[in-house]
Amino acid sequence: MSHYKPFIIALWVLALLIAGMTLARLPLSAIHDSIAALSATQWTGWITINALIVAVLTRRWQILSSLLG
Numbered sequence: 019m020s021h022y023k024p025f026i027i028a029l030w031v032l033a034l035l036i037a038g039m040t041l042a043r044l045p046l047s048a049i050h051d052s053i054a055a056l057s058a059t060q061w062t063g064w065i066t067i068n069a070l071i072v073a074v075l076t077r078r079w080q081i082l083s084s085l086l087g
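When we follow the working numbering, the leftmost residue of the sequence shown carries the number 19, and every step to the right adds one.
This is the structure:
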């Protein structure tokens, strides 16, 4: 597997470069302003929605895993 190591390192470097380019193009100040403007009720709603999504996706993988044995 040692002959794959340079390829894997190159992929990680490429992934980090792409992530850096993406983050550099994001309007971070606008994102910060939007998040700062959320009320406690809105935070609760978003957290609840995200928790439900994680629960549904986790359950889906549990079902698929149990079907495989």
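Even glycine gets a Cβ: it sits at the ideal position worked out from N, Cα and C.
The structure displayed is predicted, hence computed values, not measured ones.
DSSP state of residue i mapped onto helix, strand, coil
i       : result
Gly-102 : Because the chain in this structure spans residues 19 to 87, residue 102 falls outside the shown range and cannot be described.
Leu-56  : coil
Leu-41  : helix
Residues of its chain near residue i, where Cβ-Cβ distance is below 6 Å and the 5 sequence neighbours each way are ignored
i      : result
Leu-46 : none
Thr-40 : none
Separation of residue j from residue i, as counted between CA atoms
i      : j      : result
Ala-33 : Gly-63 : 33 Å
Asp-51 : Arg-77 : 34 Å
Arg-43 : Leu-35 : 13 Å
Cβ neighbours of residue i in the same chain (closer than 7 Å, five flanking residues each side left out)
i      : result
Leu-82 : none
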